[in-house]
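The letter at position 78 of the sequence shown is residue 78 when you use full-length UniProt numbering, and the numbering goes up by one with no holes.
Backbone N, C-alpha and C fix where the C-beta goes; we use that ideal spot for every residue, glycine too.
Worksheet: one structure, shown below.
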Amino acid sequence: VEGNQLVQPSEVYNYGPLNYYQRPDERYTAGAFGRYQINEHVETYTELMFMDNQSNAQIAPSGAFGLSVPISCDNPFLSDQQVGVICGANGLGSGDTQDVVVLRRNVEGGPRNQDLRHTSFRGVLGFRGDINDTWRYDVSGLYSEVSMENTYNNDLSNAKIQNALNAVLDEDGNVTCQSVVDGSDPNCVPWNIWETGGVTPEAAEYLTLPLFARGTTTQKVFNAFVAGSLGDYGIKLPSANNGVEVVIGTEYRKEELNFNPDEGFRLGLGAGQGGATVAVDGAYDVTEYFMEASIPLVEGAAFAEEVTLDLGYRYSDYSTDVTTDTYGVRGGWAINQDVKLRASFQRAVRAANLRELFRPQGLNLFDMDVDPCGGATPERSFEDCARTGVTAAQYGNILNSFAGQYNQLEGGNTELQPEESDTYSVGFIWSPEFVDGLVLSVDYYTIEIEK
């Protein structure tokens, strides 16, 4: 708009100058560690950690981002030229309305602001000690909690934009909103985007929508293990001086997530949000059993200063009806004091986290220059686009986003199976005695991931 005339824009809005390049961050941490020897077999210990983190970000103003709004041909803000472009060119006149795609930043209202705060607490209480000369134990419990608060200011309400653009004349000939006349929104203030300088501070204030979300995650862990040297029972190889070292234990873990956005977030009322922010509420627990063993194979032999084999295994049983096995084998061969060879194999798994399991389906915003299924001549075939939900009637008729941003439907799935990975590695370490402090190492890794 120039003056009160619609013109072809010569450039797009530059949002960069108002976006923080790096958001400020303020953090406070505190911690305490303690231990007390009760007797020769029992030592109690504790760990307490606290963190409070606050970060504020600024991004460019919100606005009407391609919102389709019915505009009355009798809108009192429209100039004759604008009526001709919007209505006359489409054979419409007084009493008619025309749907208009509105792309207008709230430059008068200023940038958006996000205040993000995290507060976390972690506490551990445990007991450990020697059972006898061979065995030692460690039993502990952990509780941790992380809370989050997200305050989002100066976004606009899509519903208020619709109301504010539906301007009419009241009985006294003053410009007002139709929603004021019919009583559906008596607080509405008309938004005059049809004239340079036409937006009033009152209109900019009316359009704003404050948003707030709060979330909490908690974790409870109980862990117990015993460790000992089987060499005390004579369990060792004839070629080694030391016996087999073992660790046997169990762990129970429970994780909970509760995320509560306010109504504005939850219903997707914010113009600058790209979609609804869904609430998430879920929990799972897992019981695990594990063991590790370190086996000296050869010690003090020619060309075999030390040869060891390390084994590990963990079984996990999740409340989501998933069980996993992780295991590893690692070998080391110290040819002499200077040269050591090593190799390993590790099977690892990653079970789905709480959001991946329990997040309801909802729309999220992402950046993409061109929709491969958009435009009159899409880049991808109809068969490809049909897999994303595009119908035959939509194919070739989907508009590309003016802003280079698109929505995607995503959500959790309680049937998700763990990801698995296998890692193989070989390498060597060289630490020559004639160069004090020099350590050189070379390792080769190959990682295979199966989802």
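- No Cβ-Cβ contact shorter than 7 Å links residue 296 with residue 336.
- For residue 244, the CB contacts under 8 Å within the same chain, skipping 5 residues up- and downstream, are 229, 230, 231, 235, 236, 293, 294, 295 and 296 in chain order.
- Under the three-state reduction of DSSP output, residue 264 falls in the helix class.
- Its Cα nearest to that of residue 318, the residue 286 stands out among 333, 286 and 341.
- Inclusion of residue 62 and residue 227 in the CB contact set at 7 Å is not warranted, their separation being larger than that value.
- Considered as a whole, the segment 73-107 harbours 80-86 as its complete alpha helix (DSSP H) runs of no fewer than 4 residues, in chain order.
- Counting C-beta atoms within 10 angstroms of its own C-beta, residue 261 has 16 or more neighbours from the protein chains shown and is therefore classed as buried.
- Counting C-beta atoms within 10 angstroms of its own C-beta, residue 82 has 16 or more neighbours from the protein chains shown and is therefore classed as buried.
- One thing to note: residue 399 has its Cβ no nearer than 7 Å to the Cβ of residue 363.
- In this structure residue 351 is not in contact with residue 299, their Cβ atoms being roughly 39 Å apart against a cut-off of 8 Å.
- In this model, residue 146 and residue 30 are separated by some 15 Å (Cα to Cα).
- Under the three-state reduction of DSSP output, residue 279 falls in the coil class, being neither helix nor strand.
- Secondary structure of residue 206 (DSSP, three-state): helix.
- Distances from the CA of residue 280 to each of 114, 412 and 378 were compared; the closest alpha carbon is that of 412.
- Taking a cut-off of 8 Å on C-beta distances, the segment 426-446 does not touch the segment 354-369, as fewer than three cross pairs fall below it.
- As summarised for the segment 208-235, there are no continuous alpha helix (DSSP H) elements at least 4 residues long confined to that stretch.
- Within the segment 350-436, the runs of alpha helix (DSSP H) at least 4 residues long that lie entirely inside it are, in chain order, 354-358 and 382-386.
- If you check the CB distance, residue 163 and residue 210 do not come in under 7 Å.
- Take residue 313, set aside five residues on each side of it, and the residues of its chain with a beta-carbon closer than 6 Å to its own are 291 and 327, in chain order.
- In the displayed model, residue 10 falls within coil according to three-state DSSP, outside both helix and strand.
- The straight-line gap separating the alpha-carbon atoms of residue 183 and residue 204 is approximately 21 Å.
- Ranking 79, 116 and 14 by CA distance to the CA of residue 213 puts 116 first.
- When the alpha-carbon of residue 159 is set against those of 128, 177 and 148, the nearest one is in 177.
- Within the same chain, and ignoring the five residues on either side of residue 309 in sequence, the residues whose Cβ sits closer than 7 Å to its Cβ are 295, 297 and 331.
- Contact annotation, residue 5 with residue 79: C-beta distance approximately 7 Å; criterion of less than 8 Å satisfied.
- Here residue 26 has 54 as same chain residues with Cβ atoms under 6 Å from its own Cβ, once five neighbours each way along the sequence are excluded.
- If you draw a straight line from the Cα of residue 219 to the Cα of residue 51, it is about 16 Å long.
- Taking the CA atoms as reference points, residue 16 sits about 49 Å from residue 125.
- Bounds of the alpha helix (DSSP H) holding residue 158 are 158-165.
- Nearest in C-alpha terms to residue 140, of all of 186, 421 and 46, is 46.
- Boundaries of the alpha helix (DSSP H) around residue 179: 178-181.
- Between the beta-carbon of residue 207 and that of residue 106 there is about 7 Å, and that keeps the pair under the 8 Å contact cut.
- Only residues of its own chain outside the window of five on either side were considered, and among them 43 have a CB closer than 8 Å to the CB of residue 37, listed in chain order.
- Cβ contact annotation for residue 250 (same chain, cutoff 8 Å, sequence separation greater than five): 223, 224, 225, 287, 288, 289 and 290, in chain order.
- The beta carbons of residue 349 and residue 238 sit no closer together than 7 Å.
- For residue 26, the enclosing beta strand (DSSP E) starts and ends at 25-39.
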